[in-house]
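Structure first, commentary second.
2 protein chains.
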Amino acid sequence: MMNKEDIATKKNEKKYQQANECPITIFMEKIGGKWKPVIIWLLILNKVMRFNELDKSIDGISQKMLSQQLKDLEQLGILNRKSYPVIPPKVEYSLTPKGQSLEPILDAMKTWANDNVLYSK
Amino acid sequence: MMNKEDIATKKNEKKYQQANECPITIFMEKIGGKWKPVIIWLLILNKVMRFNELDKSIDGISQKMLSQQLKDLEQLGILNRKSYPVIPPKVEYSLTPKGQSLEPILDAMKTWANDNVLYSK
DNA sequence: CTGGATCCTCTGCGATACTG
DNA sequence: CAGTATCGCAGAGGATCCAG
Chain A
978 MMNKEDIATK KNEKKYQQAN ECPITIFMEK IGGKWKPVII WLLILNKVMR FNELDKSIDG
1038 ISQKMLSQQL KDLEQLGILN RKSYPVIPPK VEYSLTPKGQ SLEPILDAMK TWANDNVLYS
1098 K
Chain B
978 MMNKEDIATK KNEKKYQQAN ECPITIFMEK IGGKWKPVII WLLILNKVMR FNELDKSIDG
1038 ISQKMLSQQL KDLEQLGILN RKSYPVIPPK VEYSLTPKGQ SLEPILDAMK TWANDNVLYS
1098 K
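Protein chains in written order, with my numbering: chain A, 978 to 1098; chain B, 978 to 1098.
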């Protein structure tokens, strides 16, 4: 929140661009984190994947994190969850158009990381 | 004797693309977090900024976090820190070419966030 | 096979105070 | 002005077991 002095000086012309509610920050909040980009990227490459296939494809992820992240992404409207009522259970995940629209961005991130040889810390 | 492609295809009998050491993950490790994208974006817009100007431009950041993130970004070769030996102290931050090359990516993220109206949670 | 439920660790981040 | 130094928390993420 703003205090009184801030409000009082608010009309002073700002010399510099502000960054409040920056859309980039919003983007990072939604798509960021340790696993979400990888999940999306795998679904871009493979179109449709089952829970277990994602699990095996992502090195080091736990089942808890995977299901949690999948739920988040589903709520964001980025991926579809299709469950078949069979035994054993079968669930397929795929991207929505909204999710697919992330491809160029993720691809640019990939290229940048490769080009700039971000050495393992 | 086997050539490299043979070995590669032998090993890739997996049906699905793997995600180990995904460059996207590396990207997120380096550029991700709550403040780094905003700092970079401000420096793209304003070219050169002083510590205090960044502080005032980024709503809610603490001095501790700001100096920490700036240090990280400097180590990554993304920004330059130029210190003038005067009193009171004066330090200017600006992007390196490597940092400037992030502009299209951040811009794409911004556009995506706007287009997809990621409602405040 | 696809998760949910617990419990635990670790660290990113925040609040505040202090300094050359 | 441009930072450090401390303290502390909440939440991200990990390990393991259990269930439909």
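Every residue gets a Cβ at the ideal spot worked out from N, C-alpha and C, and that includes glycine.
| Asked | Found |
| --- | --- |
| Lys1048/B burial status per 10 Å Cβ neighbour count (16 or more: buried) | exposed |
| Contact with chain A by Val1015/B, beta-carbon distance below 8 Å | yes |
| Sequence-distant residues of the same chain with beta carbon closer than 7 Å to Lys1087/B, five excluded per side | none |
| Cα-Cα separation, Leu1079/B to Trp1089/A | 8 Å |
| Alpha carbon of Trp1012/A to alpha carbon of Gln1052/B, nearest angstrom | 24 Å |
| Cβ-Cβ separation, Gly1009/A to Met1042/B (assumed contact under 8 Å), whole Å | About 16 Å separates the two Cβ atoms, so there is no contact after all. |
| The region 1012-1025 of chain B touching the region 1013-1024 of chain A, judged by at least three CB pairs closer than 8 Å | no |
| Boundaries (first-last residue) of the alpha helix (DSSP H) holding Leu1053/A | Neither: Leu1053/A is in no alpha helix (DSSP H) and is coded neither H nor E. |
| C-alpha distance - Asn1057/B paired with Pro1066/A, whole-angstrom precision | 54 Å |
| For Glu1069/A, the residue or residues it bridges with in DSSP | Arg1027/A and Lys1059/A |
| Beta carbon of Pro1081/B nearer than 8 Å to that of Ala1085/A | yes |
| Beta-carbon neighbours of Thr1073/B, restricted to chain A and to distances below 9 Å | Within chain A, no residue comes near Thr1073/B; the closest Cβ sits about 10 Å away, beyond 9 Å. |
| From Thr1002/A, Ile1003/A, Gly1054/A and Lys1059/A, residue whose alpha carbon lies closest to that of Phe1028/A | Lys1059/A |
| Proximal residues to Ile1064/B (C-beta, below 7 Å), its chain only, five neighbours per side dropped | none |
| Within chain A, the residues that Phe1028/B reaches when beta carbons sit closer than 9 Å | Here the premise fails: no neighbours, minimum Cβ distance about 12 Å. |
| Residues near Val1025/B in its chain [Cβ-Cβ closer than 6 Å; skip 5 each side] | Glu1069 and Ser1071 |
| Under 8 Å from the C-beta of Leu1083/B: neighbouring residues of chain A | Ile1001 |
| Between the CA atoms of Asn1093/A and Lys1007/B - distance to the nearest angstrom | 11 Å |
| CB of Asp1032/B within 8 Å of CB of Gln1045/B, strictly | no |
| Gln1077/A versus Ile1055/A - alpha carbon distance | 8 Å |
| Selected residue, minimal CA-CA separation from Thr1073/A, among Glu998/A, Glu1030/A, Leu1050/A and Asn1091/A | Leu1050/A |
| Any chain A beta carbon closer than 8 Å to Asn1091/B | yes |
| Minimum Cβ-Cβ distance from Ser1078/A to chain B less than 8 Å | yes |
| Own chain residues within Cβ distance below 7 Å of Ser1034/A, not counting five before or after | Leu1019 |
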